[in-house]
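Numbered by numbering that gives the first Met the number 0, the letters in the sequence shown go through residues 0 to 554 in order.
Quick reminder that beta carbons are idealized off the backbone N, C-alpha and C, glycines included.
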Amino acid sequence: MSKTLLCAAALVAFSSLCHAQDQTAALQALMTRAHVPGLSLAYVKNGRVAQTYYLGTRSNDTGGDVDARTVFQAASLTKVAFAYGVMHLVDQGKLDLDKPLSSYYNYPDLQYDARAAKVTAREVLSHTSGLPNWRNGDTLKFKYNPGERWNYSGEGFVWLGKVVEQITGKELSPWLEETVLQPLGMERSGFIWKNEFDQDYAWPHTETGTTSGRWTPEKVNTAASLHTTADSYAKLLCALLNKQGLKPATFKTMLQPQVHSQVEEGKTALSWSLGVGRQETAAGPAFWQWGDNGTFKAFLIGYPEKKEGLVYFANSAAGLTIARDILQLFFGGEQPAIAWVTNEDPDIRHVALLNDLLHEPFATAIAPFMKGSVQDTAALPESKMNWLGYRLLENRRPELAEQLFRLNTQAYPDSVDAYAGLAEAALRGGHPKEAQQWYTKAATLKPAKTNYKQMAGKLDSTFIATPVAADSSLTFFRLGDFPAAKLVSLAGTFNGWNDLEVPMRWKNGAWEAALRLAPGTYQYKFVIDGVWLSDPRNPKTHEGDMNSILVVAAK
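Written out as structure tokens, the structure reads:
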């Protein structure tokens, strides 16, 4: 090789190294600002992994650097991997995208509804099945008629997973291993938990950096259970960009927009293909998917025409607040997909403010968001202020939450939500009389919201001070000790485990409450300033979660 070519090659390599170092510094700055502990990212160019970034820590508690083998929850990026597997069945002629799923498998959860006989794999994969994301309660119900409009649904993917098992005669985990993971070389991935993940796992964190428990799924959830690394998942991204593993016609079908799949009716910028979203901008069409398992976040995007893309995973509830900046860092231009996903969510500024409020004097933290004595409603609109308030309540800082909600009521004096938040902050802060006042105000602003009026009644001074009269139809609850607690309440199956609905009162050395319950068996716990406790006077508990068991006999 000539000296000129050697110099040119060296210059290119040096330039790439400098670029990667710049990207690393920028990513680390974003993580610091958003309080994201760990990040794993792979950038693909010309159909190959060009850069990988393993940044931060696996756990704020126990440390450990994120590396190439650190496993994250993929959340809804699971759907893309599962859809890729499903298209293999289409390739093989074993699954007809437009044949009703009921002809393959009669789903027991929807047997009661004739509309289930119309749902197809195409509709499930394009989120036009009419099903909700997840059911509310035990019964699965249609939200819309099948094929009528777009509505994101994890439930549909679960149903399709059962159809796949019926067609293949195999359980999902081994089938997905042999169809998706092994052919692509995704050895550091699993749709169920693998013991080998124990040694290098990214623990999930809240927006304030508190760790939470990990999920080790024993059964496949085709919408959410994949655990993986950026390096491993990038192999699937490359397969999609390079049209690897499926027939050309099948890839064309998979990546084209589907009928009635516009995310926003009448707008073509965002729609859905089969198992992946579709984004249309001046940069060309892109497939994409976001992942949100609460304290794990993820994002995938790929530009098939340019064979360029990116996937990242973050072990933080704040992981999507940095997505816009990451996409600008690597691609620039319009990114309507992530703008839509995070439209109603707090952004990186609000997460930073939340953490500042927890660690700095209130006036110092809130100052950049104030205009004189009131909040800057452009930077801190009502919804974001409420979000901050409730996050502070989750962190057991009711006194800070109360200050925020007070500011919000000043900026939005007709806001029901602001007064309801102020009432809850006062109640959790040990000020029931003030809470009663603010619940009354919220009920006045929105009389149809009857629960505010009910809460105000429960906190009325007469209710608090007067002993409950003896009544044979009442069930009495008593908890000794904890005299300094700010709020002690009763929660259970009788009230949907709502820890505000039954506030207890201190009387003669114990907290007391009385409920009128129909005959039956109930589970319950006491909640002391956010800490859930089994009834120490009741030896009967539910195995596994230690909920106290109460049997109310018929009279």
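Apart from the five residues on each side of it in sequence, which residues of its chain come closer than 8 angstroms, Cβ to Cβ, to residue i?
i, result
"T210", "S58, N59, D60, W202, P203, H204"
"D534", "F476, L478, Y523, K524, F525, S547"
"R114", "G129, F141, N144, P145"
Could you tell me the boundaries of the beta strand (DSSP E) in which residue i lies?
i, result
"F525", "519-527"
"R213", "First-last for R213: undefined, no H or E at that position."
"E511", "509-515"
"T474", "473-479"
"G55", "47-55"
"L38", "37-44"
"S547", "547-551"
"W531", "530-532"
Would you call the CB atoms of residue i and residue j closer than 8 angstroms?
i, j, result
"K142", "N150", "yes"
"S102", "P131", "no"
"D291", "S128", "no"
"A82", "L273", "yes"
"G420", "K485", "no"
"S224", "E186", "no"
"L444", "V487", "no"
"Y438", "L458", "yes"
"I562", "A285", "Nothing can be reported for residue 562: it is not among the residues displayed for the chain, which extend from 0 to 554."
"L426", "P502", "yes"
"P335", "L269", "yes"
"D108", "L139", "yes"
"T227", "V70", "yes"
"P328", "D344", "Going by the sequence as given, residue 328 is Leu instead of Pro. Result no, Cβ atoms of L328 and D344 do not sit closer than 8 angstroms."
"A422", "A434", "yes"
"L245", "D90", "yes"
"V35", "G62", "no"
"L88", "V163", "yes"
"H430", "L387", "no"
"L532", "T474", "no"
"W174", "E154", "no"
"S260", "H358", "no"
"V157", "T221", "yes"
"P165", "Y104", "The sequence as given places Gln at residue 165; Pro does not occur at that position. Their beta carbons are under 8 angstroms apart, which means Q165 touches Y104 by this criterion."
"V373", "A410", "yes"
For residue i, which residues from the same chain have a beta carbon less than 7 angstroms from its beta carbon, with the 5 sequence-adjacent residues on both sides left out?
i, result
"A229", "S39, L40, A41, T51, V310, Y311, F312"
"A364", "L352, D355, L356"
"L489", "F476, V501, M503, A512, Y523, F525"
"R32", "I347, A351"
"K452", "A442"
"K306", "N45, G46, L240, N241"
"Q402", "F361"
"F250", "K242"
"L96", "V89, T119, A120, R121"
Who are the near neighbours of residue i in its chain, counting only those whose CB is closer than 6 angstroms to its CB and skipping five residues on each side?
i, result
"L391", "L399, A400"
"V79", "G274, V275, Q288"
"L379", "F368"
"G491", "Y521, Q522, Y523"
"E304", "G283"
"D324", "L29"
"T215", "W192"
"G208", "H34, N59"
Could you tell me which residues DSSP puts in a beta bridge with residue i?
i, result
"Q374", "M369"
"V70", "Y200"
"P502", "S488"
"D64", "T56"
"H226", "Q72, G189"
"T540", "S547"
State the start and end residues of the unbroken alpha helix (DSSP H) segment that holds residue i.
i, result
"I347", "347-358"
"L379", "Here L379 belongs to no alpha helix (DSSP H), and DSSP marks it neither H nor E."
"R187", "Neither: R187 is in no alpha helix (DSSP H) and is coded neither H nor E."
"K643", "Residue 643 falls outside the range modelled here, since the chain spans only 0 to 554, and no answer is possible."
"Y83", "76-90"
"F156", "153-167"
"L240", "229-241"
"P173", "171-175"
"G244", "It is not in any alpha helix (DSSP H) - G244 carries neither H nor E in the DSSP assignment."
"N450", "449-457"
Note to self: Threshold first: 3 residues or longer. Then list the beta strand (DSSP E) segments lying entirely within the stretch 254-339, N to C.
What the structure shows: DSSP runs (the beta strand (DSSP E)) wholly in the stretch 254-339: 269-271, 276-280, 283-291, 296-302, 307-313.
Which complete alpha helix (DSSP H) runs does the stretch 386-420 hold, if anything under 4 residues is left out?
Fully enclosed alpha helix (DSSP H) runs of 4 or longer: 397-410.
Worksheet item: Residue ranges of each alpha helix (DSSP H) run of no fewer than 4 residues wholly in the stretch 95-159, ordered along the chain?
Response: Counting only runs of 4 or more, we get 120-124.
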